[in-house]
Amino acid sequence: MAKNLYITATESRSGKSAVVLGVMQLLLRDIRKVGFFRPIINTTPDERRDHDINLVLSQFYLGIRYDETYAYTIEEARELVNNGQSSILMENIFKKYKALEAKCDFILCEGTDFEGGSPAFEFDINADIAANLGAPVLIVSNASQKGSDEIVGTTQLTIESFEEKGVDVLGCIINRVEVENVQGMIETLKDRFHTEPKPLVYVIPEDDNLGRPTVADVMNWLDAQVLYGKDRLEAQVDDYVIAAMQIGNFLNYIAKGSLIVAPGDRDDIILASLASRLSSSYPDIAGVLLTGGIAPSKSVSRLIEGWTGVPVPVLLVKDATYPTTRTLNNLYGKIDPDNQKKIASALGVFESSVDTDELRDRLATRRSSKITPQMFEYSLIEKAKARKQHIVLPEGVCDRILRASEILMRRGVVDVTLLGNEDTVHKMASELGLNLSGANIVQPDKSPLFDEYVDSFMEMRKKKGISVEVARDTMVDETYFGTMMVQKGHADGMVSGAINTTAHTIRPAFQIIKTKPGASIVSSVFLMCLKDRVLVFGDCAVNPNPSADQLAEIAISSAETARIFGVEPRVAMMSYSTGASGKGADVEKVIEATRIAKERAPQLLLEGPLQYDAAIDPSVAKTKLPDSQVAGRATVFVFPDLNTGNNTYKAVQRSAAQSVAIGPVLQGLNKPVNDLSRGCTIPDIVNTVAITAIQAQAEKGLV
């Protein structure tokens, strides 16, 4: 079953809060511990609580605190995005969500209210948040004052836009519908969807009891004072009448549910309004709103107070008539937590319009498999933090390494050892304004372990006739010293390559750590984080032209690496041929590698040879290899040579929107050592260190 659901609107005043109430009640029938989370809320005046959070927490006992239910205000979110700090915004939302998730069996999330003045920004931010939380989305579309064609067109466009952003759309609720032939509209919409299963579509009719404010809503919205009629505040307001005419003309404009707005010194309007409520010849108004902070005159007050039961509520605000009217125009019928009548109406309309059994069943079978780059990067950090490892970084005189080290220690990801000249490292850290007090800084030739490492290296290389002088010179090299730390268990893994070549990173590992039992080569994979999934590409960095036997070994190792990082391995052996469609030595090598891999790992889902389109596209797979369990669903792509693999990963990285390539991740060594590209960024270093820590956990059986 899905673990979350994200309800988002397409515009303001969609009636989203009523849908939230209905879905929450539905969830609580089957799930013991449901949480509620709004990633971004509107800024509320006078530190008032967010309306929808307050509504849900008041109506349902969820056992969570108000401060656990949101992350940012819309203004804070916009400022972070405008300052290029979207990743910080998403990371902190994810942290807040994960903290709540740890206490709950299911999280119902609600998007923004589209009252921030930038609908495009709010649409994008809701889509990004839903995708990064891995939540299926239920869209609430506002159909008020729209015809059938417009409703169908905008709903279709909205769903397709969400799907293009990698969001898993569960369904759409078209709310506040006033048109006839609702069923025909639903069928038209469903016919236009081509994904399977098709999104659910429900229609909820307009309900004036929910869409219109009450006099109590007006009072709260304007912070108005109630002069008379405190027991009549639940009257519904259908429109506003600004009273500026003489009484004879004014009375022609009042209608059922009118709220009369007039300056407080218009005694004539006040009395005429109250009298109209007592007359069967005029419609029943909802109330009177006096402006300018002017209360009725003493004589009029005395007259009203002498009435037996004031017929309508009379409110007073400080602002003048014009600004009060402008403020009123932004008021709509929110569901007040204390208004049980309105809450009951909202739940009743939802249950009568939505097939709750169908929605529950679809949710029960839905679990979003989509993973965004930010989700994956966050999961790497969290996995690494869960069982902290000790990682050595030989390039302690690289500013990017130092900056990444501070981030890693501040976030508690790993314990860090930096290698290099102690004075130089401390000086660089000071110049960069970094706090590296938590790092272990080691200069190899001054380390108390130096002589032990020299002796161990001589023993390892004695068949090569190595001298003491050469061994000492070698062990002064930070990369060799760091590799020996890993071999000796004084560190759990090593990351290098920001200023050193790949060869200089890997050669010491070959000489000191060596390959795993049964492994003949060291290979690599890139973790390709696309906008909605993570794929594993190997080997794209180490072996120029592997044999069939080596290719089979790369496939099995890549599948195991995928499993360590939470990617279910379905291995595609890549070629320019799918099945028996092509001939040639290169195809024969892939066919032989596939045979060997299946023989060594019969439990592994593996298929080859496959072309890229047949491996990744279900529609192509149906035509080319319809009975395959891998074709169209591959997650691990094993390329026949370095030329193909390296070019493919770079092409995908550069051409796929929102993609991130993490790696290369080395595999086949006895202990984890990973290589950075010399053009790596600070986030690249942080991710690679986290990956190395997770590999170290796996070596110890902790994953």
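Just add 179 to wherever you are in the sequence shown, counting from 1, and you've got our numbering. Ideal Cβ positions, reconstructed from N, Cα and C, are used throughout, including at glycine.
**Prompt:** What runs of the beta strand (DSSP E), each 3 residues or longer, lie entirely inside the stretch 468 to 527?
**Reply:** Taking only runs of at least 3 residues, the beta strand (DSSP E) segments lying wholly in the stretch 468 to 527 are 493 to 495.
**Request:** Given a cut-off of 7 Å, decide if K710 and G313 are closer than it, judged by their beta-carbon atoms.
**Result:** Against a cut-off of 7 Å, the Cβ pair of K710 and G313 comes out as no contact.
**Candidates G745, A741 and P788: closest to G763 by CA position** = Nearest option by C-alpha distance: P788.
**Residue environment, N183, which counts as buried when at least 16 other CB atoms sit within 10 Å** = With 16 or more other Cβ atoms within 10 Å, it is buried.
**Where the beta strand (DSSP E) through Q404 begins and ends** = Note, Q404: beta strand (DSSP E), Q404 to Y407.
**Message:** Quick check on DSSP: helix, strand or coil for F293?
**Reply:** F293 falls in the coil class under three-state DSSP.
**Limits of the beta strand (DSSP E) - the one that Q204 falls within** = Not the beta strand (DSSP E): Q204 falls in the alpha helix (DSSP H), residues K195 to D209.
**Item:** Reduced DSSP secondary structure (H/G/I, E/B, other) of G137
**Value:** Only positions 180 to 882 of the chain appear in this structure, which leaves residue 137 out of reach.
**Asked** What are the boundary residues of the alpha helix (DSSP H) that includes D371?
**Response** Going by the sequence as given, residue 371 is Arg instead of Asp. Counting along the chain, the alpha helix (DSSP H) containing R371 begins and ends at V361 to R371.
**Any 3 or more C-beta pairs closer than 8 Å across the stretch 682 to 695 and the stretch 722 to 732** = Contact fails between the stretch 682 to 695 and the stretch 722 to 732, because fewer than three Cβ pairs, one in each stretch, are under 8 Å apart.
**Message:** Can you tell me whether D418 is helix, strand or coil according to DSSP?
**Reply:** The three-state secondary structure of D418, taken from DSSP, is strand.
**Request:** Grab me the residues of L784's own chain with a C-beta within less than 6 Å of its C-beta, minus the 5 sequence neighbours each way, in chain order.
**Result:** The residues are R749, Q808 and V809.
**Item:** Option nearest G214 by Cα separation, candidates C283, K195 and V235
**Value:** Ranking the options by Cα distance to G214, first place goes to C283.
**Asked** Does the stretch 515 to 527 come within contact of the stretch 467 to 487, defined as at least 3 CB pairs closer than 8 Å?
**Response** Taking 8 Å as the limit for Cβ pairs, the verdict is that the stretch 467 to 487 does not touch the stretch 515 to 527.
**Request:** Measure the alpha-carbon distance for A414 versus Q335 and round it to whole angstroms.
**Result:** Their backbone Cα atoms lie some 38 Å apart in a straight line.
**Request:** Out of A188, L205 and R192, point me to the one whose CA is closest to S531's CA.
**Result:** Selection A188, L205 and R192 evaluated against S531 yields L205 as nearest (Cα-Cα).
**Asked** If you run the structure through DSSP and keep just helix, strand and coil, what is I330?
**Response** Three-state DSSP puts I330 in a helix.
**Prompt:** Can the beta-carbon of A441 be found closer than 7 Å to that of G471?
**Reply:** No, they are not a contact pair.
**Prompt:** Do you know whose CA, among K606, V882 and E657, lies nearest K625's CA?
**Reply:** Per the Cα distances, E657.
**Prompt:** Measuring CB to CB, does A256 end up less than 7 Å from L268?
**Reply:** Yes; because the gap between Cβ atoms is below 7 Å, this pair is in contact.
**Prompt:** From what residue to what residue does the alpha helix (DSSP H) around A894 run?
**Reply:** Here the chain has residues from 180 to 882 only, and residue 894 is not among them.
**Among A794, P797 and A670, the one whose alpha carbon lies nearest that of P851** = The residue with the shortest Cα to Cα distance from P851 is A670.
**Message:** Any contact between the stretch 590 to 604 and the stretch 698 to 714? By contact I mean 3 or more CB pairs, one from each, below 8 Å.
**Reply:** Per the Cβ contact rule, the stretch 590 to 604 is not in contact with the stretch 698 to 714 (fewer than 3 Cβ pairs under 8 Å).
**Request:** Determine, using beta carbons only, whether P552 and C351 come nearer to each other than 7 Å.
**Result:** Taking the C-beta atoms as reference points, C351 is found no nearer than 7 Å to P552.
**Request:** Using the Cα positions of K564 and F689, report the straight-line distance between them to the nearest angstrom.
**Result:** About 28 Å.
**Request:** Could you tell me the distance, in whole angstroms, from the CA atom of R774 to the CA atom of N853?
**Result:** Taking the straight line joining both Cα atoms gives about 30 Å.
**Item:** Cutoff 7 Å: D515 Cβ touching any chain C Cβ
**Value:** Absent here is chain C; the protein component of the structure consists of one chain.
**Item:** Inter-residue spacing [alpha-carbon to alpha-carbon] between K562 and E190
**Value:** In a straight line, the C-alpha of K562 is about 38 Å away from that of E190.
**Item:** Distance between beta carbons of N271 and R192, contact taken as under 8 Å
**Value:** That pair is no contact at about 29 Å.
**Request:** Go ahead and pull the three-state DSSP assignment for R217.
**Result:** DSSP places R217 in strand when its eight states are reduced to three.
**Residues that V746 bridges to, as DSSP identifies them** = Paired residues: none, contrary to the question.
**Prompt:** Exposed or buried, what is E254 when buried is set at 16 or more other beta-carbons lying within 10 Å of its beta-carbon?
**Reply:** Exposed: under 16 other Cβ atoms inside 10 Å.
**Prompt:** Helix, strand or coil for K782 per DSSP?
**Reply:** The question names Lys, but residue 782 in the sequence shown is Gln. Under the three-state reduction of DSSP, Q782 is assigned to coil, being neither helix nor strand.
**Message:** So the candidates are K277, A793 and V260; which of them puts its Cα closest to the Cα of F300?
**Reply:** Each of K277, A793 and V260 was checked against the Cα of F300, and the nearest Cα belongs to V260.
**Prompt:** Going by other Cβ atoms of all chains shown within 10 Å of its Cβ, with 16 needed for buried, is S619 buried or exposed?
**Reply:** In the sequence as presented, Ser is not what sits at residue 619; that position holds Asn. It counts as exposed.
**Asked** Distance, Cα to Cα, G745 vs T367?
**Response** Per the coordinates, the alpha-carbon of G745 lies some 40 Å from the alpha-carbon of T367.
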